[in-house]
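Colleague: Residue numbers (this note's numbering): 3 to 192. The beta carbon of each residue, even a glycine, is placed where N, CA and C say it ideally should be. Input: one structure, supplied below.
As structure tokens, this is what we get:
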């Protein structure tokens, strides 16, 4: 191998090896599974943003409160529509599957865990919700025993709680744990 093989090349004429961020997966003339659905989602999302931006003040004046949000959302809609059209025109790459190559099981499970975390954060509070999330994460990703997963999760949670709640005084959802009493007890010790 020459010295050039160990350097990153920014020249577009240089043959890329499929690791460029500009061309995820290394396909510039084919589309990967799920790309059309994602591009369509972007069009619909941009359309919803444009509708919401219009609801701010409508077309009442060029200097109105909704002008910048409407222009931004309109640009998003146009570029998303162009991207959808270009994506639909490309042939589907052979040999890839959405569930295996784009959204494997771990990704889907973690999206689900994040949704459950968001839903439980207010009713249960930061400490129990984060403990459950961290325990599930360590157990799923590491495939370690319950003792290790519990020790890492609780140690991490304790460190996060001490740094953010005690040192930086960041307010977190209290939920079912009487956090205020713990803080007062901790402060009384010192």
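Does the separation of the CB atoms of residue 71 and residue 131 fall below 9 angstroms?
Modeller: Taking the chain shown and counting its residues from 1, one reaches residue 71 at position 69. Taking the chain shown and counting its residues from 1, one reaches residue 131 at position 129. Contact: no.
Colleague: Measuring only the C-alpha atoms, how far is residue 66 from residue 79?
Modeller: Position 64 of the chain shown, counted from the first residue, corresponds to residue 66. Position 77 of the chain shown, counted from the first residue, corresponds to residue 79. Rounded to whole angstroms, residue 66 to residue 79 spans 20 angstroms at the Cα level.
Colleague: Taking all protein chains shown into account, do 16 or more other C-beta atoms lie within 10 angstroms of the C-beta of residue 163, making it buried, or fewer, making it exposed?
Modeller: Residue numbering aside, residue 163 sits at position 161 when the chain shown is read from its first letter. Burial call: buried.
Colleague: Rounded C-beta distance between residue 85 and residue 41? I'm assuming under 8 angstroms.
Modeller: Position 83 of the chain shown, counting from 1, holds the residue named residue 85. Position 39 of the chain shown, counting from 1, holds the residue named residue 41. Right, their Cβ atoms sit about 5 angstroms apart.
Colleague: Would you kindly work out how many angstroms separate the C-alpha atoms of residue 151 and residue 87, rounded to a whole number?
Modeller: For this step, residue 151 is matched to residue 149 along the chain shown. For this step, residue 87 is matched to residue 85 along the chain shown. About 46 angstroms.
Colleague: Classify residue 84 as helix, strand or coil using the three-state DSSP reduction.
Modeller: Working through the chain shown from its first residue, we reach residue 84 at position 82. DSSP places residue 84 in helix when its eight states are reduced to three.
Colleague: Give the straight-line distance between the Cα atoms of residue 126 and residue 180, rounded to the nearest whole angstrom.
Modeller: Along the chain shown, read from residue 1 onward, the residue named residue 126 stands at position 124. Along the chain shown, read from residue 1 onward, the residue named residue 180 stands at position 178. Taking the straight line from one Cα to the other gives about 11 angstroms.
Colleague: Under a three-way DSSP split, which group does residue 92 fall into?
Modeller: Working through the chain shown from its first residue, we reach residue 92 at position 90. It is coil, neither helix nor strand.
Colleague: Considering only the alpha carbon of each residue, which of 96, 58, 99 and 111 lies closest to residue 141?
Modeller: Numbered from its first residue, the chain shown carries residue 141 at position 139. Per the Cα distances, 111.
Colleague: Give the C-beta separation of residue 55 and residue 75 to the nearest angstrom, bearing in mind that I take them to be a contact with Cβ-Cβ under 8 angstroms.
Modeller: By 1-based counting over the chain shown, the position of residue 55 is 53. By 1-based counting over the chain shown, the position of residue 75 is 73. The pair is a contact, with the Cβ atoms about 5 angstroms apart (cut-off 8 angstroms).
Colleague: On the three-state DSSP scale, how would you describe residue 34?
Modeller: As a first step, residue 34 must be located in the chain shown, where it is residue number 32. In this structure, residue 34 counts as coil in the three-state DSSP scheme.
Colleague: Give the C-beta separation of residue 177 and residue 128 to the nearest angstrom, bearing in mind that I take them to be a contact with Cβ-Cβ under 8 angstroms.
Modeller: For the purposes of this step, residue 177 is identified with residue 175 of the chain shown, where counting begins at 1. For the purposes of this step, residue 128 is identified with residue 126 of the chain shown, where counting begins at 1. Correct: roughly 7 angstroms between the Cβ atoms.
Colleague: Measuring CB to CB, does residue 167 end up less than 9 angstroms from residue 95?
Modeller: What you label residue 167 is simply residue 165 of the chain shown in a count that begins at 1. What you label residue 95 is simply residue 93 of the chain shown in a count that begins at 1. No, these two residues do not count as a Cβ contact at 9 angstroms.
Colleague: Between residue 24 and residue 69, what straight-line distance do the alpha-carbon atoms span, to the nearest angstrom?
Modeller: For the purposes of this step, residue 24 is identified with residue 22 of the chain shown, where counting begins at 1. For the purposes of this step, residue 69 is identified with residue 67 of the chain shown, where counting begins at 1. Note that residue 24 scores 47 on pLDDT, short of 50, meaning its location in the model is unreliable; the coordinates nonetheless yield the value given after this. Distance between the alpha carbons of residue 24 and residue 69: 31 angstroms.
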